[in-house]
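Participant:
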Amino acid sequence: KEALLLLGENVLYSPNKHSKKCCGNMECLGKEPGCEMPVVAGSRPSSECCWRASYRWHLECTRRMLRIVEYNRLGEGQQIEEKMADNVGDIDVRIIHVDEEVQKRADNGTSSGPLAARKAHV
């Protein structure tokens, strides 16, 4: 959500914006043989793909990741995405830290930082 506020909707792929299924394999890194719902070879991810396969497809295409770290910890999905990036290799990872104070100011409209500036234009 914060990445979309910072950069705009058409600048990046946000997995949270799409509702995808999960193949059920907790060790899945978005590729076969571990993923039971992979992206069909030669095509784009569909709503029938595992979210991890879709994320990996986008990661392999762009070789870039923007990670928003809230309150100095990665969420469960972000931890999986981090493993995927390590598995793919050679990924340019950019990290933005959003701490509690910055988030409160942005939510209250009292921040002069990028979150508040972007929210004003949404």
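Sequential numbering of the sequence shown, starting at 1, is according to the numbering used here.
Glycine included, every Cβ here is placed at the ideal spot set by N, Cα and C.
1. May I have a chain-ordered list of the beta strand (DSSP E) segments no shorter than 3 residues that lie completely inside the segment 44-94?
2. Taking DSSP as the reference, what is the three-state secondary structure of residue 21?
3. What does the alpha-carbon distance come out to for the pair residue 107 and residue 37?
4. Rounded to a whole number of angstroms, what is the C-alpha to C-alpha distance between residue 78 and residue 54?
5. How long is the line joining the alpha carbons of residue 70 and residue 91, rounded to whole angstroms?
6. With distance defined between alpha-carbon atoms, name the residue in 75, 26, 46 and 63 nearest to residue 94.
7. According to the neighbour-count rule (16 or more other Cβ atoms, all chains shown, within 10 Å of its Cβ), is residue 33 buried or exposed?
8. Could you confirm whether any beta carbon from chain B is found closer than 8 Å to the beta carbon of residue 108?
9. So if DSSP puts residue 40 in a beta bridge, which residue, or which two residues, is it bridged to?
10. At the level of alpha carbons, what is the spacing between residue 23 and residue 49?
Facilitator: Let me spell this out:
1. 64-70
2. strand
3. 38 Å
4. 14 Å
5. 21 Å
6. 63
7. exposed
8. Among the chains of the structure shown, chain B does not appear; only one protein chain is present.
9. Beta-bridge pairing links residue 40 to no other residue.
10. 8 Å
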